[in-house]
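FYI, the numbering for the sequence shown is 460 to 766, going by the working numbering.
We put the CB at the ideal spot given by N, CA and C, even for glycine.
None of the values given here were measured: they were computed from a predicted structure.
Working notes for the structure below.
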Amino acid sequence: MRISVIIPTYNRARLVQETIASLLSQTRIPDEIIVVDDGSTDDTPAILQQYSEPVRVFSQSNQGRSNARNRGLQAAEGDLITFLDSDDTLPPTSIEKREAYLVSHPEMHAVYCDVAYQNDDQELGRFSAIRPGPRPSGTIFAELARHNMVGPPAAVLFRAACTHAFRPEHEPVEDYDLWLRMATQCAFGYLGEPLVTYRVHADMSTLSESQAMQEAIMRIHNQTVQRPAFTALSPKQKARILCSHGILFAEYGHMEPARHRFRTAIETAPFYPGGSLLFTAGLLGRSLFLRMIRARRSLRGDVSWAS
Numbered sequence: 460m461r462i463s464v465i466i467p468t469y470n471r472a473r474l475v476q477e478t479i480a481s482l483l484s485q486t487r488i489p490d491e492i493i494v495v496d497d498g499s500t501d502d503t504p505a506i507l508q509q510y511s512e513p514v515r516v517f518s519q520s521n522q523g524r525s526n527a528r529n530r531g532l533q534a535a536e537g538d539l540i541t542f543l544d545s546d547d548t549l550p551p552t553s554i555e556k557r558e559a560y561l562v563s564h565p566e567m568h569a570v571y572c573d574v575a576y577q578n579d580d581q582e583l584g585r586f587s588a589i590r591p592g593p594r595p596s597g598t599i600f601a602e603l604a605r606h607n608m609v610g611p612p613a614a615v616l617f618r619a620a621c622t623h624a625f626r627p628e629h630e631p632v633e634d635y636d637l638w639l640r641m642a643t644q645c646a647f648g649y650l651g652e653p654l655v656t657y658r659v660h661a662d663m664s665t666l667s668e669s670q671a672m673q674e675a676i677m678r679i680h681n682q683t684v685q686r687p688a689f690t691a692l693s694p695k696q697k698a699r700i701l702c703s704h705g706i707l708f709a710e711y712g713h714m715e716p717a718r719h720r721f722r723t724a725i726e727t728a729p730f731y732p733g734g735s736l737l738f739t740a741g742l743l744g745r746s747l748f749l750r751m752i753r754a755r756r757s758l759r760g761d762v763s764w765a766s
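This is how it looks when you write it as structure tokens:
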């Protein structure tokens with residue numbers, strides 16, 4: 460099978476060479492590395508001119524990373540596709556292991572993996588399970604609708620038949636929207652090792668809970684509960700999702716939408732205890748509510764509640 464890797468880049472002259480080098484050093488080198496220069500004004504264009512096959516370079520005016528990735532998707536000819544941001548890297552066996560998984564699991568349309576976060580000096584942590592133990596595989600929509608346990612675009616290698624376009628209006632969490640849409644139609648496998656290295660550096664803010672990120676996540680959650688895939692879930696599954704959304708809305712400072720989620724959970728699954736408990740706790744006010752949630756998480760050793 461042919462493999463395409465799509466790299467959107469903007470003013471990453473210092474880092475894009477390391478990103479490409481990590482792909483050219485793979486034990487299974489991609490058949491094409493598509494770099495979309497999104498209107499860089501530094502030395503990025505000159506650096507990219509130095510490369511030849513399998514690197515293919517496309518240039519466009521500055522339109523944002525979603526449009527840059529979509530340009531790469533239009534050009535991609537691979538049977539399997541993944542993304543890699545131009546400041547991140549892959550360990551040497553990343554492509555080989557993920558391709559092997561999809562070859563040996565033809566029933567899966569995509570595979571996701573853990574992600575290692577690091578700065579220039581050390582590994583900072585690992586994006587893996589919300590709770591200890593195996594992460595979901597197969598039909599993952601019900602779990603994904605609660606929270607993005609899949610991770611950034613580089614974490615997923617998927618079959619070209621599953622391709623969906625990114626939606627710029629959901630930046631900076633456009634990847635979460637994409638995974639949700641894919642999960643309504645595609646089965647996801649999981650590899651429990653960090654096969655992507657996500658770089659954290661001084662000129663980025665993607666790990667902060669910015670206002671734009673909060674608003675985008677709330678929009679995505681509001682769209683999620685309107686999807687046919689959500690409607691088709693069991694009452695308990697729907698109630699768990701609604702409660703997870705409500706907790707997040709409360710953390711963002713939106714108590715009335717949070718209470719509405721809890722009320723809807725009660726109406727959806729009257730015998731599911733989470734909805735009633737959370738709705739009652741929400742009446743105590745945001746400060747007490749959040750203290751209760753943090754205490755519960757500390758006892759359970761996870762970052763989620765509403766099981």
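DSSP state of residue i, grouped into three classes?
{"i": "glutamine 577", "result": "strand"}
{"i": "valine 562", "result": "helix"}
{"i": "arginine 678", "result": "helix"}
{"i": "leucine 474", "result": "coil"}
{"i": "threonine 548", "result": "strand"}
{"i": "isoleucine 447", "result": "Nothing in the structure corresponds to residue 447, since the chain is present only between 460 and 766."}
{"i": "glutamate 710", "result": "helix"}
{"i": "phenylalanine 436", "result": "The structure shown does not extend to residue 436, since the chain spans only 460 to 766, so no value can be given for it."}
{"i": "serine 463", "result": "strand"}
{"i": "proline 687", "result": "helix"}
{"i": "serine 484", "result": "coil"}
Taking 6 Å as the limit between beta carbons, can you name the residues of its chain near residue i, skipping five residues before and five after?
{"i": "leucine 666", "result": "Low confidence applies to leucine 666: its pLDDT is 46, below 50, so where it sits in the model is not reliable enough to give any reading."}
{"i": "alanine 688", "result": "Phe600 and Thr643"}
{"i": "methionine 460", "result": "Asp538 and Leu539"}
{"i": "valine 609", "result": "Tyr571 and Trp638"}
{"i": "arginine 645", "result": "It should be pointed out that residue 645 corresponds to cysteine in this sequence rather than to arginine. Excluding positions up to five away in sequence, the list reads His568, Ala569 and Cys621."}
{"i": "alanine 724", "result": "Ala698, Leu701, Cys702 and Gly734"}
{"i": "alanine 588", "result": "Because alanine 588 carries a pLDDT of 40, less than 50, the predicted location of this residue cannot be relied on, and the following value inherits that uncertainty. The answer, listed in chain order, is Arg594."}
{"i": "tyrosine 731", "result": "Lys695 and Ala698"}
What does the alpha-carbon distance come out to for the pair residue i and residue j?
{"i": "serine 746", "j": "cysteine 702", "result": "18 Å"}
{"i": "threonine 622", "j": "leucine 692", "result": "24 Å"}
{"i": "alanine 575", "j": "alanine 614", "result": "10 Å"}
{"i": "methionine 735", "j": "arginine 753", "result": "First, the residue type needs correcting, since residue 735 is serine and not methionine in the sequence shown. Looking at the two C-alpha atoms, the distance is approximately 18 Å."}
{"i": "serine 545", "j": "arginine 722", "result": "44 Å"}
{"i": "histidine 680", "j": "glutamine 509", "result": "43 Å"}
{"i": "arginine 530", "j": "glycine 741", "result": "45 Å"}
{"i": "glutamate 628", "j": "arginine 528", "result": "14 Å"}
{"i": "serine 563", "j": "glycine 648", "result": "11 Å"}
{"i": "alanine 472", "j": "alanine 675", "result": "29 Å"}
{"i": "proline 513", "j": "leucine 743", "result": "59 Å"}
{"i": "phenylalanine 672", "j": "glutamate 715", "result": "Strictly speaking, residue 672 in this sequence is methionine, with phenylalanine absent from that position. Spanning the two alpha carbons is a distance of roughly 19 Å."}
{"i": "glutamine 670", "j": "leucine 603", "result": "22 Å"}
Just list the residues that DSSP pairs residue i with in beta bridges.
{"i": "alanine 569", "result": "Phe617 and Phe647"}
{"i": "aspartate 497", "result": "Gln519"}
{"i": "arginine 658", "result": "Gln577"}
{"i": "leucine 747", "result": "For leucine 747, which the question treats as bridged, DSSP gives no partner whatsoever."}
{"i": "valine 609", "result": "DSSP lists no partner for valine 609."}
{"i": "glycine 597", "result": "Phe647"}
{"i": "glutamate 491", "result": "Ser463"}
{"i": "threonine 767", "result": "The requested residue 767 does not occur in the structure, where the chain is confined to residues 460 to 766."}
{"i": "valine 632", "result": "According to DSSP, valine 632 bridges with nothing at all."}
{"i": "proline 653", "result": "Asp573"}
Considering only residues of the same chain and omitting the five flanking positions on each side of residue i, which have a CB-CB separation below 8 Å?
{"i": "arginine 720", "result": "Leu701, Cys702, His704, Gly705 and Phe708"}
{"i": "leucine 650", "result": "Lys556, Arg557, Tyr560, Val570, Tyr571, Cys572 and Asp573"}
{"i": "glutamate 566", "result": "Ala646"}
{"i": "asparagine 470", "result": "Ser499, Thr500, Asp501 and Thr503"}
{"i": "phenylalanine 517", "result": "Ile493, Val494, Val495, Asp496, Arg530, Gly531 and Ala534"}
Sorted by chain position, which residues of the same chain lie with C-beta nearer than 7 Å to residue i's C-beta, five sequence neighbours on each side aside?
{"i": "arginine 487", "result": "Ile554, Glu555 and Glu558"}
{"i": "proline 611", "result": "Val574, Asp634 and Tyr657"}
{"i": "serine 525", "result": "Phe625, Arg626, Pro627, Glu630 and Glu633"}
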